[in-house]
Amino acid sequence: NGKQHTMSTQDQGAEETNVISLVDPEVVLSSFCQQTAPKSLRVTCYGSSSSKTPERYLKEARSLGYILAKRGHVCVNGAGSFGCMAAMNDGVLAGNGHVCGVIHEMFLVDNGYWGVDGVVIRDGGAHRVFQNAKTSTKKKNNSHVSKEEKQQQQEETHEDESDNENGPIREILVAGGNDLQERKKLLVRNCDALIVLPGGPGTWDELWEMACARHLNLNRLPIVCVNVDGYYEPFREILDKAHEDELIKLPPHEIVHFADTAEEAIRWVEGEKEHGSSKSRKSARFSSKKSVLKQTSFFSASPYQDLRSSFYSMMSSVVDDEEQDNNAEGQPRPLKPHLLYSVGLAFLLGTTFGAVVTSSLARRR
54 NGKQHTMSTQ DQGAEETNVI SLVDPEVVLS SFCQQTAPKS LRVTCYGSSS
104 SKTPERYLKE ARSLGYILAK RGHVCVNGAG SFGCMAAMND GVLAGNGHVC
154 GVIHEMFLVD NGYWGVDGVV IRDGGAHRVF QNAKTSTKKK NNSHVSKEEK
204 QQQQEETHED ESDNENGPIR EILVAGGNDL QERKKLLVRN CDALIVLPGG
254 PGTWDELWEM ACARHLNLNR LPIVCVNVDG YYEPFREILD KAHEDELIKL
304 PPHEIVHFAD TAEEAIRWVE GEKEHGSSKS RKSARFSSKK SVLKQTSFFS
354 ASPYQDLRSS FYSMMSSVVD DEEQDNNAEG QPRPLKPHLL YSVGLAFLLG
404 TTFGAVVTSS LARRR
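Encoded structure:
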């Protein structure tokens, strides 16, 4: 399931002819769209799903989908039938590109989809780029999926994206569960970058969740907002203000990048993936290893989670201070009083934490 579906050459040509007139002619004729990128990327795109989305936003969304298609990238989006999501799918269709839609099972009928784990029958409401797309259903709880199964899923994804001799990828992933958390996970699974078009609270929620993860160094995904008509200027200002007031540690440009056009956003993403960030960041020290404490609901609940997080944060700051205190020759300087104080306080906090855990376990027995 989830394998690419091959459209006939005749159908592809008819679809392209009908929708290419919607794409900005300057974008269609640009030299950037005439060349395929050296490496195909899986780019997750967020954007509005409102039928009242202004035309200036839809225009840039069509350009985004078209450029991604012509550059050979996979456009992953929420499979919406209206707003920026529909417009970017118009662009993908016009460019005969690869697309993967992620939809929650509760919205299947509302969006005109019928059938799961087989050929999707489109009944008017869904975007035509997903007509006859293959579907696959993802279970809500995949926390017990083995490492081998996860590796197989990733290999299948790359296999689908590399084997394009018979036509473009047209795929629907159906998420389950009682909320939208699984859908959000599927949107970013194995993706290489995030591009955010103008949108409402749902788009903002997805953007800030991934921006938070990047700020915490939980991922290194390039994130760029297409700042059409200054739409995301307030977001840029709030990041600058938070950094100025020392509420966030990383400079704002290392969390979210802002581009004026879709082409500029895609150029930036390709550059980031090819050359990496201009400033290397230290990898997360405590998130790289799975915590034994997180395996039980007892330790994952408050107040123990808050205590554990405080301990981790303090230890991270100690390590960071120690690295910054190294001189240009790489020789460590004498320990400063504030560093000794931090280490002592961390030791005291760790001891207290251990006592609380031991006492709680004893009461449970």
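Each number in this note's numbering comes from the position in the sequence shown (counting from 1) with 53 added on.
No residue lacks a Cβ here, since even glycine has one placed at the ideal position from N, Cα and C.
It should be emphasised that the depicted structure is a prediction, and the values quoted were computed from it without experimental measurement.
Ranked by Cα distance from P251, the first of L292, G397 and N280 is N280.
Around S104, the same chain offers F135 and G136 as residues with beta carbons nearer than 8 Å, after the five sequence neighbours per side are excluded.
Contact between the region 255 to 263 and the region 289 to 298 is absent: fewer than 3 CB-CB pairs across the two stretches fall below 8 Å. Linking K92 to G283 through their CA atoms gives a straight-line distance of about 30 Å. In the structure shown, I308 falls within a coil segment according to DSSP collapsed to helix, strand and coil.
Residue environment for K237: buried (at least 16 other C-beta atoms within 10 angstroms of its C-beta). When C-alpha distances from S101 are compared across E235, I222 and M138, the shortest belongs to M138. Restricting attention to G148, E235, Y110 and R124, the CA atom closest to the CA of E158 is found in E235. For A140, the closest alpha carbon among the candidates H126, I156, R124 and R181 is that of R181.
In terms of Cβ geometry, D143 and S116 do not form a close pair [threshold 8 Å]. In this structure, DSSP gives C98 an extended state, which the three-state scheme calls strand.
In this structure, L240 lies near T97, with their beta-carbon atoms less than 8 Å apart. The alpha-carbon of L233 is positioned some 43 Å away from that of G397. The DSSP assignment places 223 to 228 and 246 to 249 as complete runs of the beta strand (DSSP E) inside the region 222 to 271, in order along the chain (cut-off: 3 residues). Taken through DSSP and simplified to helix, strand or coil, H157 comes out as strand. When DSSP reads this structure, V129 sits in a beta bridge with T97 and C153. Residue A228 holds the alpha-carbon nearest to the alpha-carbon of I156 among R109, A228, D258 and R95. Bounds of any alpha helix (DSSP H) do not take in V279; it lies within the beta strand (DSSP E) bounded by I276 to V279. If you look at E290, you'll find it in the alpha helix (DSSP H) that goes E286 to E297. Annotation: the continuous alpha helix (DSSP H) that includes V145 extends over G136 to A147. In the three-state scheme derived from DSSP, where H, G and I count as helix and E and B as strand, D77 is classed as coil. In the three-state scheme derived from DSSP, where H, G and I count as helix and E and B as strand, D313 is classed as coil. In the structure shown, S104 adopts coil according to DSSP, grouped into three states.
Collapsing the DSSP output to three states places T89 in coil.
Under the 10 Å beta carbon count, H126 is surrounded by 16 or more other beta carbons and is classified as buried.
Cβ neighbours of L111 within its own chain (closer than 6 Å, five residues either side excluded): A140.
Residue burial annotation: T256 is buried, with at least 16 other C-beta atoms found within 10 angstroms of its C-beta.
The residue from L82, T106, R109 and L226 with its alpha-carbon nearest to that of V152 is L226.
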